[in-house]
Amino acid sequence: MEEADQQSIAGVNCDITLTLIRENIALLAELLDQLRRLDDGLFARECADFGAGQTIGRHCRHICDHYDALLRSIDSEGLGSSLRVDYDERARCLDTEQHRSHCIRRLEGYERLLKRLSRFDAEYPVHLSADVHIGSTGRVAMLSSLGRELAFLASHTTHHCALVAVLLQSQSHEPAWELGRAAATRLHEGA
Numbered sequence: 010m011e012e013a014d015q016q017s018i019a020g021v022n023c024d025i026t027l028t029l030i031r032e033n034i035a036l037l038a039e040l041l042d043q044l045r046r047l048d049d050g051l052f053a054r055e056c057a058d059f060g061a062g063q064t065i066g067r068h069c070r071h072i073c074d075h076y077d078a079l080l081r082s083i084d085s086e087g088l089g090s091s092l093r094v095d096y097d098e099r100a101r102c103l104d105t106e107q108h109r110s111h112c113i114r115r116l117e118g119y120e121r122l123l124k125r126l127s128r129f130d131a132e133y134p135v136h137l138s139a140d141v142h143i144g145s146t147g148r149v150a151m152l153s154s155l156g157r158e159l160a161f162l163a164s165h166t167t168h169h170c171a172l173v174a175v176l177l178q179s180q181s182h183e184p185a186w187e188l189g190r191a192a193a194t195r196l197h198e199g200a
């Protein structure tokens, strides 16, 4: 492959990274907007209709834990030749889960950290580790990419925002229309 072709592909992959970063930032902004309109009690209130421990705060903390897993690997590894990510190694910070203001501060910090990734190719290698327990107990390791992990975070965030929206509705609070709506759903609905 000629050098000009390689540069063209690298430019496209950096554009993909930027697009995925913007998608994640937009999803986090929607969640932040919703959280800023809640009171602290609603944030931490258990919704027994959906099982023990189901709170808006717990879903938000879970979202934070996943962003931390990717962004922590960047800070700790200084962006060498690859990243190492383990979404199962989570802090599960109770302050984030129980205190809306703490959660908001964490979410606000991700935009700056995500933007640091903009200079990297979507194909930048990520070594992913995960726990497996169905049929066996152990860990698996696999190769992924920065683009794939940013796409995963966007999908994961959308999914948990949809759960937050359901929890809000169950407590007679109308969530913002876009909260938890996947990009494909928005396109299908003409938004």
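Residue numbers in the sequence shown follow my numbering, run continuously in steps of one, and reach 200 at the last position.
Virtual Cβ for every residue (Gly too), placed ideally from N, Cα, C.
Relative to the alpha-carbon of D24, which residue among F129, G199, T105 has its alpha-carbon at the smallest distance?
-> For this step, residue 24 is matched to residue 15 along the sequence shown. Ranking F129, G199, T105 by Cα distance to D24 puts F129 first.
State buried or exposed for T117, treating a residue as buried only when at least 16 other CB atoms are found within 10 Å of its CB.
-> Locating residue 117 in the sequence shown gives position 108, where the first residue counts as 1. A small fix is needed here, since residue 117 is Glu in this sequence, not Thr. Result: exposed.
May I have a chain-ordered list of the alpha helix (DSSP H) segments no shorter than 4 residues that lie completely inside the region 100-142?
-> 103-107, 109-124
Alpha-carbon spacing of D97 relative to A171, whole angstroms | On the sequence shown, residue 97 is found 88 positions in, with the first residue counted as 1. On the sequence shown, residue 171 is found 162 positions in, with the first residue counted as 1. D97 and A171 have their alpha carbons spaced roughly 21 angstroms apart.
What's the C-alpha gap between I113 and V173?
-> What you label residue 113 is simply residue 104 of the sequence shown in a count that begins at 1. What you label residue 173 is simply residue 164 of the sequence shown in a count that begins at 1. Going from the Cα of I113 to the Cα of V173 covers about 15 angstroms.
Around the Cβ of F52, are there at least 16 other Cβ atoms within 10 angstroms (buried) or fewer (exposed)?
-> One-based indexing of the sequence shown puts residue 52 at position 43. The C-beta of F52 has 16 or more other C-beta atoms within 10 Å across all chains shown, which makes the residue buried.
Are R99 and D49 closer than 8 angstroms when you measure CB to CB?
-> Here residue 99 refers to the residue found at position 90 when the sequence shown is read from its first residue. Here residue 49 refers to the residue found at position 40 when the sequence shown is read from its first residue. No, Cβ-Cβ distance for R99 and D49 is not below 8 angstroms.
Could you work out which residue in I30, L47, A38 is closest to Q178 when comparing CA atoms only?
-> Counted from its first residue, the sequence shown places residue 178 at position 169. The candidate whose alpha carbon is nearest that of Q178 is L47.
Helix or strand or just coil, what does DSSP make of E98?
-> By 1-based counting over the sequence shown, the position of residue 98 is 89. Residue state, collapsed to three classes: coil.
L92 - partner residues in DSSP beta bridges | As a first step, residue 92 must be located in the sequence shown, where it is residue number 83. Bridge partners of L92: V135.
Quick one: grab the DSSP three-state call for T167.
-> Start at 1 with the first residue of the sequence shown, and residue 167 comes out as number 158. Helix.
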